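2 protein chains.
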Amino acid sequence: MTLVEHSPLTRKLSAFVALSEVELAVLERLHERRRSFVAGRDMVHQGQSSQAAYILSAGWVCSYKLQADGTRQIVDFQVPGDFLGLRSVLLRTSDHSFEPIVDIEAAEVMTSDLLDAFAQTPRLATAILWAASRDEAMVVEHLVGIGRRDADARMAHFLLELASRLALVGMGSKDGYDCPLTQYHLADALGLSAVHVNRVLRQLRESGRVTFRDGHVTIHDHDRLVDLAEFDPAYLDQIGPLLK
Amino acid sequence: MTLVEHSPLTRKLSAFVALSEVELAVLERLHERRRSFVAGRDMVHQGQSSQAAYILSAGWVCSYKLQADGTRQIVDFQVPGDFLGLRSVLLRTSDHSFEPIVDIEAAEVMTSDLLDAFAQTPRLATAILWAASRDEAMVVEHLVGIGRRDADARMAHFLLELASRLALVGMGSKDGYDCPLTQYHLADALGLSAVHVNRVLRQLRESGRVTFRDGHVTIHDHDRLVDLAEFDPAYLDQIGPLLK
DNA sequence: CGACACATTGAAAGCTTTCAACAGATGTGG
DNA sequence: CCACATCTGTTGAAAGCTTTCAATGTGTCG
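Here the protein sequences line up with chains A and B, keeping their order. Sequential numbering of the first sequence, starting at 34, is according to this note's numbering. Sequential numbering of the second sequence, starting at 34, is according to this note's numbering.
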């Protein structure tokens, strides 16, 4: 079995921990229950409790919270290799919704399977918990972005974060990546109006930094984009040895 | 031993789970290493890793992230009964700083002590993880607030959340509570300028909803405050049975 | 008393939203 | 195959919320 055949999750974790044959096998076995979901129909609804988590293997998902006034705030996007609802399985019922942005493929993981896997391979458990804590760090960074960055920097930061996340699972490079999000998704995620998202994107494009168009992000000038966003990828990378 | 002698954490957890004598004893034993920290001096610095977590027993702390341009975003406040750095112990090094807002008292909990306690009393482990997931839900709600609520609603929501959190540990009621935060703290937490915080507070006061003054929050009209904030405390409460 | 932290206000400037209108692509039903 | 509705993207202009700049007041503390 060559590396490219591995799941995105395996690929992601392998970038940070050298997993043994046994650990890889356990990890791949978690992918047994294949499921598909169609774009636009919520997988999990706000307040609904679920007994399973999912490992996203293809497609994009967003997790969001709806407000009484009808506006929504997207909390995070999930791309291949990401867990979906990991927390609600380990801890308690989810309090936000998950919506597939395109048709997706995911592996359903029952709580018990996950706990068994953790018991069998503690290093794998650590690796998965690391991934979960990385997701959390992203939410915090997202909070900082909405609270303290202006629209341009916020967008720039967001696009760079995505580039970094996708590169980790081999779905793009520093030069660009495919991205199925609409400007409405960006607006709901960044706390902006769709109209302003459009203007910000235009400005980023015309300043020669990055182009978001036709489902593809093209990074023209990585340095100046990083500069504008004050992007520091530390929160995405592992600091110090992950496993002793 | 009467209830009032218990630590705030015990009090908080007891509101959701009936803990046995043994569990209560284990929980109280976690409070053995008493530590004090003075206001204003960071307990943990961004990027610094720590081997211990703390259970806050008296005083207020904030966790924040500093940006390159000098602005800061406060991610969360900790009040008595809250954990501090629980995640960085369980998972990986913290990526934000903790600053005591007033002189505080906290119990230092070593990783190993915590894991021992978890092993001895699984129900206690679940209860503590529940508290951690509640903290996370607050961060998400915070994100929603900054992204999708205007300044008035954001402030109203924040003050109501604090009321609810403090009531849980017996430090206030629906009518008000003591609060050592300055308007600068509010600004850094809510993503507003200090000047605007002042104006918002004035408006809330003059509309007869709530007064924030001299270290004390007085809620004059709870209903209209809830109404303005669209405050739904569901994310703070347990949905369904916590322990089977 | 002077230094300093915190709170308060007014006015001007700036960023973002809202309102409106329009263009292009896609998909469905007649 | 066309008409029509829908979704997404685009743009201008006006309105609105929030910030910035400046100045002032109040209280604590050494």
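Built from N, CA and C at the ideal position, the CB exists for glycine as well. Because the structure is a prediction, the values reported are computed rather than measured.
Report the residues of the stretch 139 to 171 of chain A with a CB closer than 8 Å to any CB of chain B, ordered along the chain. Leu162, Trp163, Ala165, Ser166, Glu169 and Ala170
Nearest chain B C-beta to A/Arg68 closer than 9 Å, yes or no? no
B/Pro41 Cβ short of 8 Å to the ligand ATP heavy atom set: Annotation note on the ligand ATP: not contained in the displayed structure, which lists no ligands.
For A/Leu195, which option in A/Glu132, A/Ile137 and A/Thr251 has the closest C-alpha, if you only look at C-alpha atoms? A/Thr251
Going along the chain, which residues of its own chain have a beta-carbon closer than 7 Å to the beta-carbon of B/Arg246, five neighbours each way excluded? The beta carbon of B/Arg246 lies closer than 7 Å to none in the same chain, with the five residues before and after it left out.
Residues near A/Gly114 in its chain [Cβ-Cβ closer than 6 Å; skip 5 each side]: Pro41, Leu42, Lys45 and Val202
Please work out which residues of its chain come closer than 7 Å, Cβ to Cβ, to B/Leu119, disregarding the five sequence neighbours upstream and downstream, and give them in chain order. Ala86 and Ala165
By a C-beta neighbour count over all protein chains shown, 10 Å radius and 16 as the cutoff for buried, is B/Gly241 buried or exposed? exposed
Could you name the residues that DSSP lists as bridge partners for B/Ser68? It is worth fixing the name first, because residue 68 of chain B is Arg in this sequence and not Ser. The partner list for B/Arg68 (beta bridge, DSSP) reads B/Ala139.
Taking only three categories from DSSP, how would you classify B/Ile161? Assignment of B/Ile161 by DSSP, reduced to helix, strand and coil, places it in the helix class.
Where the alpha helix (DSSP H) through B/Gly191 begins and ends: The sequence given here has Phe at residue 191 of chain B, not Gly. Start and end: Ala184 to Leu201.
Answer yes if the stretch 149 to 165 of chain A comes into contact with the stretch 45 to 62 of chain A, meaning at least three C-beta pairs across the two stretches below 8 Å, and no otherwise. yes
Since A/Tyr258 and A/Ala189 are thought to touch, with beta carbons under 8 Å apart, how far apart are those beta carbons, to the nearest angstrom? Inspection of the sequence shows that residue 258 of chain A is occupied by Leu rather than by Tyr. A/Leu258 to A/Ala189, Cβ: 5 Å. Contact.
Between which two residues does the beta strand (DSSP E) holding A/Glu89 run? According to the sequence displayed, residue 89 of chain A carries Leu and not Glu. Where A/Leu89 is concerned, the enclosing beta strand (DSSP E) stretches over Ala85 to Ala91.
Apart from the five residues just before and just after A/Leu276, which ones in its own chain have a Cβ nearer than 7 Å to its Cβ? For A/Leu276, the predicted structure reports a pLDDT of 49, less than 50, and the residue's modelled location is therefore unreliable. The matter cannot be settled from this model.
At least 3 beta-carbon pairs within less than 8 Å: the stretch 125 to 140 of chain B vs the stretch 67 to 79 of chain B: yes
Neighbourhood of B/Thr35 by C-beta distance below 7 Å, restricted to the same chain and skipping five residues each side: Here the model assigns B/Thr35 a pLDDT of 46, short of 50, so the residue's position is not dependable, and the following value carries that caveat. Scanning its chain for C-beta atoms nearer than 7 Å, with the 5 sequence neighbours on each side dropped, one finds no residue around B/Thr35.
Would you decide whether A/His129 is buried or exposed? Buried here means 16 or more other CB atoms lie within 10 Å of its CB. buried
If you measure between the beta carbons of B/Tyr210 and B/His175, is that distance less than 9 Å? no
Distance cutoff 9 Å, beta carbons only. Does B/Gly224 sit that close to anything in chain A? yes
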